[in-house]
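What follows is a short report on a single structure.
Number of protein chains: 4
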Amino acid sequence: MPKVTEEHRAARREQIISAARKCVLRKGFHQASMADVIAESGLSAGAVYRYFKGKEQILESIADQSIGRVEDMLLELLADGAAPHPADVIETMLEWIVEHADDEEGDFTVIAVQAWGEAVRGGKVLDIVMPKIRQIRELWIEIARRWQAAGHLPADADPQHVGQALMGLFPGFIVQRLLVGDVTPRSYANGLRALLAAR
Amino acid sequence: MPKVTEEHRAARREQIISAARKCVLRKGFHQASMADVIAESGLSAGAVYRYFKGKEQILESIADQSIGRVEDMLLELLADGAAPHPADVIETMLEWIVEHADDEEGDFTVIAVQAWGEAVRGGKVLDIVMPKIRQIRELWIEIARRWQAAGHLPADADPQHVGQALMGLFPGFIVQRLLVGDVTPRSYANGLRALLAAR
Amino acid sequence: MPKVTEEHRAARREQIISAARKCVLRKGFHQASMADVIAESGLSAGAVYRYFKGKEQILESIADQSIGRVEDMLLELLADGAAPHPADVIETMLEWIVEHADDEEGDFTVIAVQAWGEAVRGGKVLDIVMPKIRQIRELWIEIARRWQAAGHLPADADPQHVGQALMGLFPGFIVQRLLVGDVTPRSYANGLRALLAAR
Amino acid sequence: MPKVTEEHRAARREQIISAARKCVLRKGFHQASMADVIAESGLSAGAVYRYFKGKEQILESIADQSIGRVEDMLLELLADGAAPHPADVIETMLEWIVEHADDEEGDFTVIAVQAWGEAVRGGKVLDIVMPKIRQIRELWIEIARRWQAAGHLPADADPQHVGQALMGLFPGFIVQRLLVGDVTPRSYANGLRALLAAR
DNA sequence: AATGAATGAGACTTCATTCAT
DNA sequence: TATGAATGAAGTCTCATTCAT
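Line by line, the protein sequences give chains E, L, C and D. So the number in our numbering is just where the residue sits in the first sequence, counting from 1, plus 79. So the number in our numbering is just where the residue sits in the second sequence, counting from 1, plus 79. So the number in our numbering is just where the residue sits in the third sequence, counting from 1, plus 79. So the number in our numbering is just where the residue sits in the fourth sequence, counting from 1, plus 79.
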């Protein structure tokens, strides 16, 4: 029975998180009420509280999921050991983001931005978001390292710093896309390419 | 009587906004209650509602102020008509941000990030934040244009796109500084410099 | 100076009561706020409180006025000492009510009905409304008396009771007119005439 | 489970309405606060709001009930198909009203008068009260029709008008009873009898 | 395990009234 | 006398959470 129970638990948790994500997208992180989540999930209040300690925990799980989705993509791009041009990596990443922004589960970048807003206040969401950002940045640092090894970057450049800058381009794309709406992976990457060709 | 009244009104509004900013920094955009703001302001509930229609309006005013503070700085940097090196502009800007982050009024970047989280859900905060971002980006585009005119950027580069990329570096710095804490204006700008020197 | 001051006071009071009446018609007896009344009157809060002790007193004054307007009319009808047919008196009265319902000062029957609703709870409004009703009813009793003296009513009829019944026809007309809207002085009086012709 | 739940819901609603009625009788339609109702009901705030959307809805339910209680009585009187003398019907009705005025649930006429005061301002209470008055008046029209058929009223009398006049006698009785206090079913009906015997 | 009715603290807001100017 | 900014108690309603069934 343990196996069945475990799967059951996981399914229920996913059901609840999925409902909560919809509510958060509709109403916002804190504006989404437990009543909303409960109704959307199709479960009872008691059931939801059996699987999550409270609202906070549900929001944390959502933040966790939504921030984490970027990492898998980057790992894939790095898999073949090549030293891709950073602007190309960026463009690929941004395209992937845009593509997945409106899948069935809703735009995860919307949740990510809200999660940043939540995390800046410290608390558990910060504990969740910070490591994720660190991990993803490690991948960018790795890309910088390879690019430097291939002779594209100055020998004395610090890959950590280059990683910070590369990593730093993402929030700016997401914010501009969500709030202003006029950036595309292509335009943004082109801007970066122009900078990389600077004299 | 008119002069006194007008100044008085402005002072009261600032008093309330300042109190609200403190509360928002302490508790978060929506977690800050009107009771908190009222207590912090030292006024009565009725007085606060004489100057603001409701909580929403106060939050909007805070978002407005906090996002707006960047623009003045950039305008200043652009004043002398030179074509400063983008990495230098960025570094100066970031230093300015870090310096002003913890003045008496509290870290405005914390509020800015929360305002993004609020703005992605649309509504009035978006109406406030979006134009601000646009205006600031125009300044970056202008910087790109000058830099291109000085021969540093490829002639066929689109300043709009370069502006997007430069503008895009800010949220990433702010988020990394606030959530991870290990970026400095220097390290970030150095990362950018390395990229600009790429072959 | 006393005379001028006295006239001034009276004018101010009327100004306030008139404003309050408009507000009451718009929003209801208790829903009308002092802020409404103050704005409508064109005076300041302090000024209004100089002439009235509080909201209660203003409402009482309105109730007083609106209930009182019927009496003058009846007195006029009785002036010539005749023994008019009750149905005719009623019809004349109802016509007068309908005519004056929508003059510049607004429909006083609307306020009268609200005043009844207020008076049933006791309090000062009752102290104001009850004597008014008594006075008006006295006039109906006088009409009944004259009609009896003229031989139209049974000799053993109690004019007090007939006065109650005649008086009682008014609220019913007002309520039906205001709430259902399909009664006219003519139809109502005709109904009464039919009853008076009963065998 | 469905049966229990349904009965439970109805019982709770009645519990709340009953408490609200007491509060309204004590303080008035709008002066009764939700805190009063909640305390009187013995439930929690949340529970009350589970059964009623808001204060308005509770007041509407009270108005509905209190105005509606007259109809049943009239229907009963009409049941045997006879053509009772209107003054007798009136007297019976008034006696019934007086008897039921102070039962355990409180004087419904007090609430009815307040409901009129509410209804004159339009809104939902009007939508509730108007049809009730219409329905009850239909019964009076039916009585007039039967009385006419029995030859007591002139053949050319309009039963609609007679019904208006008969219906119109009620508010007048209620108002005089509640505000002046000196009318009785007997005295009022006698006054009407005298009028009906007029020459 | 599941339900959903109930809880009650606390949220936002209004408004009659006062009082320093 | 007049003003109108300020007060703060009180109002209505919400919502995360619990617990008897």
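Ideal Cβ placement from N, Cα and C applies to all residues, glycine included. Keep in mind it's a predicted model, so treat the numbers as computed, not measured.
Sequence-distant residues of its chain with Cβ nearer than 8 angstroms to residue i (five each side left out)
{"i": "valine 262 of chain L", "result": "Phe252, Gln255, Arg256"}
{"i": "methionine 209 of chain E", "result": "Ala198"}
{"i": "arginine 148 of chain E", "result": "His179, Phe187"}
{"i": "alanine 229 of chain L", "result": "Ala162"}
{"i": "aspartate 182 of chain L", "result": "none"}
{"i": "alanine 234 of chain D", "result": "Gln227"}
{"i": "alanine 273 of chain C", "result": "none"}
Neighbouring residues, chain L, relative to residue i (Cβ below 7 angstroms)
{"i": "phenylalanine 249 of chain E", "result": "Gly251"}
{"i": "valine 241 of chain E", "result": "Gly270, Ala273, Leu274"}
{"i": "valine 127 of chain E", "result": "Residues of chain L passing the Cβ test: none, with the nearest at roughly 21 angstroms."}
{"i": "arginine 213 of chain E", "result": "Val259"}
{"i": "arginine 262 of chain E", "result": "With the sequence shown as reference, residue 262 of chain E is identified as valine, and arginine is not the correct amino acid for it. Within 7 angstroms Cβ-Cβ: Gln243."}
Contacts that residue i makes with chain D (C-beta to C-beta distance below 9 angstroms)
{"i": "proline 233 of chain C", "result": "Arg272, Ala273, Ala276, Ala277, Arg278"}
{"i": "histidine 87 of chain C", "result": "Residues of chain D passing the Cβ test: none, with the nearest at roughly 34 angstroms."}
Interface residues of chain E facing residue i [CB-CB closer than 8 angstroms]
{"i": "aspartate 206 of chain L", "result": "Chain E residues near aspartate 206 of chain L: none, gap ~10 angstroms exceeds 8 angstroms."}
{"i": "methionine 246 of chain L", "result": "Gly251, Gln255"}
Distance cut-off 7 angstroms: residue i Cβ against heavy atoms of the ligand GTP
{"i": "serine 120 of chain E", "result": "Among the components modelled here there is no ligand, and therefore nothing to report on the ligand GTP."}
Interface partners of residue i on chain E, CB under 7 angstroms
{"i": "glutamine 193 of chain L", "result": "Gly196, Val199"}
{"i": "leucine 257 of chain L", "result": "Val199"}
Option nearest residue i by Cα separation, candidates the options
{"i": "lysine 106 of chain L", "options": "E:Arg200, E:Glu93, E:Glu174, E:Glu85", "result": "E:Arg200"}
{"i": "isoleucine 96 of chain C", "options": "C:Leu138, C:Gln214, C:Glu86", "result": "C:Leu138"}
{"i": "alanine 223 of chain C", "options": "C:Ala229, C:Glu183, C:Pro238", "result": "C:Pro238"}
{"i": "valine 189 of chain C", "options": "C:Leu104, C:Arg91, C:Ala124", "result": "C:Leu104"}
{"i": "valine 170 of chain L", "options": "L:Ser266, L:Leu275, L:Val127", "result": "The amino acid at residue 170 of chain L is misidentified as valine; the sequence shows glutamate. Checking every option, the nearest Cα to that of glutamate 170 of chain L belongs to L:Ser266."}
{"i": "lysine 203 of chain E", "options": "E:Arg272, E:Ala277, E:Ile141", "result": "E:Ile141"}
{"i": "leucine 157 of chain C", "options": "C:Val259, C:Met172, C:Asp143, C:Ser123", "result": "C:Met172"}
{"i": "glutamate 91 of chain C", "options": "C:Leu122, C:Phe108, C:Gln110", "result": "Looking at the sequence provided, one finds arginine at residue 91 of chain C rather than glutamate. Checking every option, the nearest Cα to that of arginine 91 of chain C belongs to C:Leu122."}
{"i": "glutamate 85 of chain E", "options": "E:Ala118, E:Tyr130, E:Ala277, E:His109", "result": "E:Tyr130"}
{"i": "valine 168 of chain L", "options": "L:Pro264, L:Ala276, L:His109", "result": "L:Pro264"}
Residue i, buried or exposed, once every other Cβ within 10 Å from all chains shown has been counted against 16
{"i": "glycine 247 of chain E", "result": "buried"}
{"i": "leucine 154 of chain L", "result": "exposed"}
{"i": "arginine 88 of chain D", "result": "exposed"}
{"i": "methionine 80 of chain E", "result": "In this predicted model, methionine 80 of chain E has a pLDDT of only 40, less than 50, meaning its place in the structure is not dependable; the value taken from the coordinates is given anyway. When all chains shown are included, methionine 80 of chain E counts as exposed."}
{"i": "serine 280 of chain D", "result": "The structure shown has nothing for residue 280 of chain D, since chain D only spans 80 to 278."}
{"i": "glycine 125 of chain E", "result": "exposed"}
{"i": "lysine 82 of chain D", "result": "Residue placement at lysine 82 of chain D is flagged as unreliable, the pLDDT there being 49, under the threshold of 50; a coordinate-derived value is accordingly withheld."}
{"i": "glycine 260 of chain E", "result": "exposed"}
{"i": "glutamine 144 of chain L", "result": "buried"}
{"i": "alanine 114 of chain C", "result": "exposed"}
Contact set for residue i: own chain, Cβ-Cβ below 7 angstroms, skip 5 residues either direction
{"i": "tryptophan 226 of chain C", "result": "Ala162, Pro165, Leu232"}
{"i": "serine 120 of chain D", "result": "Gln94, Ile95, Ala98, Val127"}
{"i": "glycine 185 of chain L", "result": "Arg100, Lys101, Leu104"}
{"i": "asparagine 269 of chain C", "result": "none"}
{"i": "isoleucine 146 of chain E", "result": "Ala191, Ala194, Val208, Lys211"}
{"i": "alanine 236 of chain E", "result": "Gln227"}
{"i": "glutamine 214 of chain C", "result": "Glu150"}
{"i": "methionine 152 of chain E", "result": "Met172, Trp175"}
Neighbour list for residue i in chain C, Cβ cutoff strictly below 9 angstroms
{"i": "arginine 100 of chain D", "result": "Ordered by position in chain C, no residue passes the 9 angstroms Cβ test against arginine 100 of chain D, which lies about 14 angstroms from the chain."}
Residues of its chain near residue i, where Cβ-Cβ distance is below 6 angstroms and the 5 sequence neighbours each way are ignored
{"i": "valine 116 of chain E", "result": "Ala98, Ala99, Cys102"}
{"i": "arginine 216 of chain E", "result": "Gly242, Met246"}
{"i": "leucine 205 of chain D", "result": "Ala198"}
{"i": "tryptophan 219 of chain E", "result": "Gly242, Leu245, Met246"}
{"i": "aspartate 159 of chain C", "result": "none"}
Contact list for residue i against chain L, beta-carbon separation under 8 angstroms
{"i": "alanine 209 of chain E", "result": "The amino acid occupying residue 209 of chain E in the given sequence is methionine; alanine does not appear at that position. In chain order: Leu258, Val259."}
Residues that residue i contacts on chain C, provided the C-beta gap is smaller than 8 angstroms
{"i": "aspartate 181 of chain D", "result": "Here the premise fails: no neighbours, minimum Cβ distance about 14 angstroms."}
Contacts that residue i makes with chain D (C-beta to C-beta distance below 8 angstroms)
{"i": "aspartate 237 of chain C", "result": "Ser266, Asn269, Gly270, Ala273"}
{"i": "valine 189 of chain C", "result": "Val199, Arg200"}
Proximal residues of chain D, C-beta to C-beta of residue i below 7 angstroms
{"i": "glycine 107 of chain C", "result": "Arg200"}
Proximal chain E residues relative to residue i, where beta-carbon distance stays under 9 angstroms
{"i": "glutamine 67 of chain L", "result": "With chain L represented from 80 up to 278, any question about residue 67 of chain L goes unanswered, as that position is not in the structure."}
Review point. Is it a yes or a no for the stretch 182-196 of chain E touching the stretch 182-195 of chain L, going by three-plus beta-carbon pairs under 8 angstroms?
Key: As far as the Cβ criterion goes, the stretch 182-196 of chain E touches the stretch 182-195 of chain L, which means the pair count is three or higher.
Practice item. Evaluate the contact criterion for the stretch 166-186 of chain L versus the stretch 126-135 of chain L: three or more CB pairs, one atom per stretch, below 8 angstroms. Key: Judged by Cβ distances under 8 angstroms, the stretch 166-186 of chain L makes no contact with the stretch 126-135 of chain L, as fewer than three pairs qualify.
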